[in-house]
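To keep things clear, I will list the structure first and then write my remarks on it.
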Amino acid sequence: MEYGEIKIPKQMISKIEARLEETGFESVDKYVTFVLEEVIKEVEDEEPEEVFSEEDEEKVKGRLRALGYLD
Numbered sequence: 003m004e005y006g007e008i009k010i011p012k013q014m015i016s017k018i019e020a021r022l023e024e025t026g027f028e029s030v031d032k033y034v035t036f037v038l039e040e041v042i043k044e045v046e047d048e049e050p051e052e053v054f055s056e057e058d059e060e061k062v063k064g065r066l067r068a069l070g071y072l073d
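Residue numbers (the numbering used here): 3 to 73.
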């Protein structure tokens with residue numbers, strides 16, 4: 003795997019370094035990589051929630067048509 007560089011504020015690095023011992027990570031790089039992977043995974047796994055199934059939506063549309071609200 004190839005690696006690149008990113009810049010983060012030194013204050014953030016200090017906070018991460020303070021957490022390394024309690025988290026078990028060997029380095030700031032490994033900690034940040036893990037956190038970013040988790041965030042990306044969560045974002046990619048999110049699917050928009052369907053409020054209604056297609057069948058339910060058609061039933062509602064049918065009722066609205068019957069009541070004259072839809073053409």
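Ideal Cβ positions, reconstructed from N, Cα and C, are used throughout, including at glycine.
- DSSP, read as helix, strand or coil, puts Asp73 in coil.
- For the 7 Å CB-CB criterion, Ile10 and Tyr33 do not form a contact.
- For Phe36, the secondary structure class from DSSP, reduced to helix, strand or coil, is helix.
- In the DSSP assignment, Ser55 falls outside any alpha helix (DSSP H) and carries neither an H nor an E.
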